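Report on the structure given below.
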Amino acid sequence: MSDDRLITSLTNDTVKAVRALHMRKQRDATGTFLAEGLKFIGEALDQGHAPRLLLVGQDARPHPLLDRARAETTKAGGEVVLVTHPILEKISRRENPQTVLAVFQQTYIPLDQLDASRSPCWIALEQVRDPGNLGTIIRTADSAGCGGVILIGDCVDPFSVEAVRATMGSVFAVSITRTTTDAFLAWRERWGGSIVGTRLDASAHYRSVDLKAPALILMGNEQAGLTDQLAAACDVNVKIPMRGRADSLNLAVATGVMTYAVTDALMT
Ligand code: SAM
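So the sequence shown is numbered by our numbering: it starts at 16 and just counts up by one.
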């Protein structure tokens with residue numbers, strides 16, 4: 016028998032506060048975000064992040080990871096609550112919700128504290144707008160061994176429910192930084208390795224350039240591409256060949272192709 020507080024009302028204040036995390040305004044105000052599923056929570060715990068709030072469905076099956084999540088949440092000063100299935104559905108906006116949800120603190124690494132020596136490959140995104148693309152890119156950055164993702168300008172929130180889902184738990188495995196274009200351009204002068212822009216009008220083939228680690232790959236917005244201003248700040252701009260009728264690759268796919276080309280070149 017658990018001693019956790021049981022919530023059954025859809026209008027409970029805690030339930031309302033967690034549901035509000037679907038809105039960016041509320042995520043920004045609280046500096047928190049909603050994550051779903053025991054796998055995600057396990058990844059977070061492995062990276063040293065305990066939930067502020069752990070919501071356990073009444074029908075959640077016993078699992079050693081769930082015991083660990085309960086223990087680490089409580090130890091870190093967070094709260095564990097039991098909730099009904101309709102509450103899980105309401106919070107996650109899904110008919111088949113995960114049986115465990117959690118609220119975590121957002122973590123951003125300021126640009127001037129970014130430790131470039133952590134990896135030979137980093138990714139910067141200019142005005143990324145699609146949460147699925149951003150989450151997929153964060154997952155790809157983690158998979159390839161990149162140090163982190165830098166968000167330049169007006170980007171979608173990496174801690175939106177949709178972006179976090181697409182990261183599949185990688186949101187804590189790489190550092191996430193947000194900055195303005197001007198701050199990025201000033202900081203860029205201190206970057207010791209190659210900065211590689213990606214443009215459809217570039218002439219250099221994406222695998223043909225010599226790179227100095229740490230390399231920073233710059234990707235453009237889904238509609239407008241990489242701006243002239245940022246392309247001009249790169250050491251080189253490259254293109255992935257488009258051999259069929261499509262005029263460009265999806266942003267997340269192009270980032271994946273670039274990231275593995277760069278990490279294959281710089282990591283042995
Ligand atoms: N209409 C946009 C343009 O002209 O750039 C298309 C943008 S594309 C959907 C989004 C981003 O993916 C681009 O800014 C670039 O960073 C990257 N990208 C897509 N296809 C690419 C390719 N063939 N070569 C290099 N980068 C590419």
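No residue lacks a Cβ here, since even glycine has one placed at the ideal position from N, Cα and C.
All values reported here derive from a predicted model rather than from experimental measurement.
Rounded straight-line distance, which links the Cα of residue j to that of residue i
i    : j    : result
G240 : M234 : 8 Å
P101 : G150 : 27 Å
A228 : A201 : 20 Å
F187 : V30  : 25 Å
L286 : R42  : Because residue 286 is not part of the residues shown, which for the chain are 16 to 283, the question remains open.
D130 : D74  : 43 Å
D243 : E110 : 45 Å
Proximity winner among the options, relative to residue i (alpha-carbon distances)
i    : options                : result
V179 : I191, D169, G168       : I191
G160 : F55, D279, R39         : D279
L103 : E94, K90, A117, G92    : A117
P77  : T182, N236, T114, T274 : T114
V189 : A181, Y123, E204, A198 : Y123
Simplified DSSP state of residue i, which is helix, strand or coil
i    : result
T151 : helix
E177 : helix
Q120 : strand
W137 : strand
G271 : helix
E237 : coil
H64  : coil
I56  : helix
L264 : coil
I102 : helix
K227 : coil
A10  : The shown model of the chain, from 16 to 283, leaves out residue 10, and the question about it has no answer.
A217 : coil
R20  : strand
Sequence-distant residues of the same chain with beta carbon closer than 6 Å to residue i, five excluded per side
i    : result
I210 : L231, C249, D250
I165 : A139, T192
Contacting residues, own chain, Cβ-Cβ under 8 Å from residue i (five flanking each side not counted)
i    : result
D169 : Q142
T274 : C136, I138, T155, A156, A159, C161, I232
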